[in-house]
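Residue numbers (my numbering): 145 to 412.
Take a look at the structure:
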């Protein structure tokens with residue numbers, strides 16, 4: 145069971161998301177729990193390379209069931225449901241999708257910036273960048289990233305950069321790694337939480353320290369959105385059977401994914 149050391153005020157978080165396009169909650173879990181999850185993440189053998197010095201440690205649920213507690217944190221899911229959920233009551237001209245199936249876990253990956261890593265390119269998370277660029281992007285998010293920040297995040301360690309207010313731009317940023325005017329760096333102690341809907345522009349910083357910067361990212365999507373990139377891998381059937389019921393509800397759709405296409409993986 146995940147022990148939260150900080151109360152997540154839904155109203156304060158939603159206010160930050162509405163005004164700035166993202167939210168940060170510090171000291172959500174203890175430094176000891178954060179260190180344990182960081183160490184566990186780094187032991188995951190299945191990895192997908194990114195920019196120089198950056199890796200995604202994928203299929204974390206398949207690697208260790210202890211990660212399940214991060215996917216189903218009740219205060220976090222309450223916020224995600226407010227951002228992505230649909231109508232809860234039917235009316236004459238519109239049915240309501242079952243509430244228990246409205247939010248799904250798209251993927252859960254470890255995001256690791258090794259010492260000397262390059263800065264990331266500014267972007268919106270999929271599927272925003274894959275939509276027709278001749279049309280404005282939706283005003284509402286279609287996925288939400290919940291980032292568990294397991295090591296200290298600072299400019300030196302390559303903390304995520306975000307641009308407040310960019311959730312109102314309805315377009316993707318130019319593909320640059322340079323700092324943007326008005327950007328904010330998510331500097332937080334280990335054990336903090338960042339919520340970044342895919343309407344918000346963001347980019348990884350360059351890790352100029354001697355320490356690995358580790359986060360676990362839980363990407364949530366509404367029921368109507370399918371598999372969004374080829375490098376998202378489903379939970380294995382035998383792992384699914386061992387998951388708690390609440391996590392099974394978040395991942396059952398993955399059992400039907402077509403795995404004929406996939407991204408580049410390395411195993412260490």
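Cβ coordinates follow ideal geometry from the N, Cα and C atoms, glycine included.
Give me the residue from the options with the minimum Cα distance to residue i.
{"i": "residue 185", "options": "396, 200, 240", "result": "200"}
{"i": "residue 298", "options": "288, 330, 280, 354", "result": "330"}
{"i": "residue 260", "options": "232, 363, 354", "result": "354"}
{"i": "residue 274", "options": "315, 296, 284", "result": "315"}
{"i": "residue 247", "options": "293, 227, 182, 208", "result": "227"}
{"i": "residue 285", "options": "180, 392, 397, 224", "result": "224"}
{"i": "residue 175", "options": "221, 340, 366, 336", "result": "336"}
{"i": "residue 322", "options": "304, 339, 183", "result": "304"}
{"i": "residue 350", "options": "198, 272, 302", "result": "302"}
{"i": "residue 318", "options": "359, 390, 265", "result": "265"}
{"i": "residue 191", "options": "369, 256, 156", "result": "256"}
{"i": "residue 342", "options": "245, 171, 306", "result": "306"}
{"i": "residue 413", "options": "356, 194, 267", "result": "The shown model of the chain, from 145 to 412, leaves out residue 413, and the question about it has no answer."}
{"i": "residue 389", "options": "241, 245, 328, 239", "result": "245"}
{"i": "residue 300", "options": "391, 258, 282", "result": "258"}
{"i": "residue 383", "options": "207, 235, 239", "result": "207"}
{"i": "residue 198", "options": "352, 368, 381, 362", "result": "352"}
{"i": "residue 157", "options": "222, 180, 173, 194", "result": "222"}
Could you give the first and the last residue of the continuous beta strand (DSSP E) run that contains residue i?
{"i": "residue 93", "result": "No answer is possible for residue 93: the residues shown for the chain start at 145 and end at 412."}
{"i": "residue 389", "result": "From DSSP, residue 389 is part of no beta strand (DSSP E) but of the alpha helix (DSSP H) over 389-395."}
{"i": "residue 290", "result": "288-293"}
{"i": "residue 384", "result": "Element bounds for residue 384: not the beta strand (DSSP E) but the alpha helix (DSSP H), 381-386."}
{"i": "residue 191", "result": "190-193"}
{"i": "residue 265", "result": "Premise fails: residue 265 is in no beta strand (DSSP E) and is neither H nor E."}
{"i": "residue 199", "result": "198-201"}
{"i": "residue 298", "result": "Element bounds for residue 298: n/a, residue is neither H nor E."}
{"i": "residue 340", "result": "336-341"}
Can you tell me which of the three DSSP states residue i falls into?
{"i": "residue 179", "result": "helix"}
{"i": "residue 308", "result": "coil"}
{"i": "residue 329", "result": "strand"}
{"i": "residue 363", "result": "strand"}
{"i": "residue 357", "result": "strand"}
{"i": "residue 152", "result": "coil"}
{"i": "residue 184", "result": "helix"}
{"i": "residue 235", "result": "strand"}
Can you round the beta-carbon distance between residue i and residue j to whole angstroms, since I take them to be within the 8 angstroms contact cut?
{"i": "residue 204", "j": "residue 188", "result": "6 angstroms"}
{"i": "residue 253", "j": "residue 202", "result": "5 angstroms"}
{"i": "residue 249", "j": "residue 395", "result": "5 angstroms"}
{"i": "residue 178", "j": "residue 294", "result": "5 angstroms"}
{"i": "residue 324", "j": "residue 212", "result": "Actually they do not touch by this definition, with Cβ atoms about 36 angstroms apart."}
{"i": "residue 263", "j": "residue 347", "result": "7 angstroms"}
{"i": "residue 392", "j": "residue 378", "result": "So it is not a contact: roughly 13 angstroms between Cβ atoms."}
{"i": "residue 271", "j": "residue 170", "result": "Actually they do not touch by this definition, with Cβ atoms about 30 angstroms apart."}
Would you please verify whether the beta carbon of residue i is less than 9 angstroms from any beta carbon of chain D?
{"i": "residue 200", "result": "Protein chain content of the structure displayed is limited to a single chain, and chain D is not contained in it."}
Locate the alpha helix (DSSP H) running through residue i, then write down its first and last residues.
{"i": "residue 173", "result": "No alpha helix (DSSP H) contains residue 173, which DSSP labels as neither H nor E."}
{"i": "residue 205", "result": "204-207"}
{"i": "residue 220", "result": "218-228"}
{"i": "residue 212", "result": "212-215"}
At a cut-off of 8 angstroms, would you count residue i as near the ligand MG, judging by its Cβ distance to the nearest heavy atom?
{"i": "residue 257", "result": "With respect to the ligand MG, the structure shown offers nothing to examine, as it has no ligands at all."}
Quiz item: Per the contact definition of three or more C-beta pairs closer than 8 angstroms, is the region 306-318 in contact with the region 369-385?
Solution: no
Exercise. Would you check if there are 3 or more beta carbon pairs closer than 8 angstroms linking the region 280-299 to the region 388-402?
Key: no
Quiz item: Should the region 150-162 be called in touch with the region 216-227, which here means at least 3 C-beta pairs below 8 angstroms?
Solution: Contact between the region 150-162 and the region 216-227 is present, because at least three Cβ pairs lie under 8 angstroms.
Exercise. Taking 8 angstroms as the threshold, find out whether the region 228-246 comes into contact with the region 160-167 through three or more Cβ pairs.
Key: no
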